[in-house]
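Here's the structure, in structure tokens; my notes come after.
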Amino acid sequence: MSNSFIIKSFDKAIDEIERSDKLDRLYKYNPNIPKQPINGINHVFLYYYVPEKYHEWYFFTQEVTTFRKKIWDFKDGDENEQEWAINAVTEVLEIGDYNGISNPKLTFVCIPASTIDSNDRRFKSFSSKICEKLCLNNGFDHIKIVKEKIPKHISGVESETELEIDPFFFAGKDIILFDDVVTKGHSMYKLMQQLQAVNATTVLCLSLGQTYNPDKTTEDPINPYTGNHLLDARQYG
């Protein structure tokens, strides 16, 4: 047996271990209190998203601060953060073997933003590139915003974005639902129900971030994507 074969076999074994470790963090690690799947469907996220107001009272790591900025830049359509998100989401889906080759019915669907302009800026190119990389069906052009959400401070009442879903495109599809940040999962749940009504089945809920409220837990969870804790241990001794 040649040394090169042994080295390649060893490298492959290391890759499998690293893949297994990341898969375990992304799909099994569940430190959020409380946290349940969204309507019975697994919700996978990469990082905890900590709202800025909590940084006045808690010491978080630089990773937490950096991720919060990444999210806002992503929402604004920043090219660098869009590319970062594309690569991260692609990696996660590849780990889980979510691709159009193994399942031609798999369809990538982004939870629409509140306005047409922000939805296009945030998700149009992003969704297209994800689908191109993984051979997924692209649901972006098949969900139309027919009524934009009006901010409460303008309208004085709560309002929701109204959507029009293409029943012919989505019938029989398996759906990967994506959102940038999930707090309680209401938006995902609602769209999941709308897609189910046209005979589409959601198989995975995926987000870049999951909102973390340190006032509601004593846990110091880890970011599933990196394995790093949120709180800065140097400040807490």
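In my numbering, the protein residues as written are 1499 to 1735.
Beta carbons are placed, not taken as given, at the ideal position from N, Cα and C, and that holds for glycine.
{"Check": "Do residue 1701 and residue 1674 come within 8 Å of each other at the CB atom, strictly closer than that value?", "Outcome": "yes"}
{"Check": "Quick check: the segment 1599–1608 against the segment 1559–1567, are there 3 or more CB pairs under 8 Å?", "Outcome": "no"}
{"Check": "Taking the continuous beta strand (DSSP E) assigned at residue 1709, which residues delimit it?", "Outcome": "1699–1709"}
{"Check": "From residue 1678 to residue 1640, what distance separates their C-alpha atoms?", "Outcome": "19 Å"}
{"Check": "Apart from the five residues on each side of it in sequence, which residues of its chain come closer than 7 Å, Cβ to Cβ, to residue 1783?", "Outcome": "Since the displayed the chain opens at 1499 and closes at 1735, residue 1783 lies outside it and no answer follows."}
{"Check": "Just mark residue 1541 as buried or exposed, buried being the case when its beta carbon has 16 or more other beta carbons within 10 Å.", "Outcome": "buried"}
{"Check": "From residue 1723 to residue 1583, what does the alpha carbon distance come to, in whole angstroms?", "Outcome": "12 Å"}
{"Check": "Nearest CA to the CA of residue 1683: which residue from 1665, 1704, 1725?", "Outcome": "1704"}
{"Check": "Can you list, in chain order, the residues of its chain whose CB lies under 7 Å from that of residue 1508, leaving out five sequence neighbours each side?", "Outcome": "The predicted model places residue 1508 with a pLDDT of 44, which falls under 50 and marks its position as unreliable; any figure quoted below should be read in that light. Around residue 1508: no qualifying Cβ."}
{"Check": "When you compare only the Cα positions, how much space is there between residue 1545 and residue 1707?", "Outcome": "5 Å"}
{"Check": "Span of the alpha helix (DSSP H) holding residue 1536?", "Outcome": "It is not in any alpha helix (DSSP H) - residue 1536 carries neither H nor E in the DSSP assignment."}
{"Check": "Where does residue 1721 sit, in a helix, a strand or coil, going by DSSP?", "Outcome": "coil"}
{"Check": "Count the C-beta pairs between the segment 1619–1635 and the segment 1576–1595 that are closer than 8 Å, then say yes if the count reaches three, no if not.", "Outcome": "yes"}
{"Check": "For residue 1659, count neighbouring Cβ atoms within 10 angstroms of its own Cβ and tell me buried if that reaches 16, exposed if not.", "Outcome": "buried"}
{"Check": "Please state whether DSSP places residue 1675 in a helix, a strand or coil.", "Outcome": "strand"}
{"Check": "With a CB to CB cut of under 7 Å and the five nearest residues on each side skipped, what residues in its chain are close to residue 1672?", "Outcome": "1601, 1603, 1604, 1605, 1699, 1701"}
{"Check": "Tell me which residue opens and which closes the alpha helix (DSSP H) that residue 1662 is part of.", "Outcome": "Careful: residue 1662 lies outside any alpha helix (DSSP H), inside the beta strand (DSSP E) at 1660–1663."}
{"Check": "In three-state DSSP terms, what is residue 1715?", "Outcome": "coil"}
{"Check": "List the DSSP bridge partners of residue 1645.", "Outcome": "1660"}
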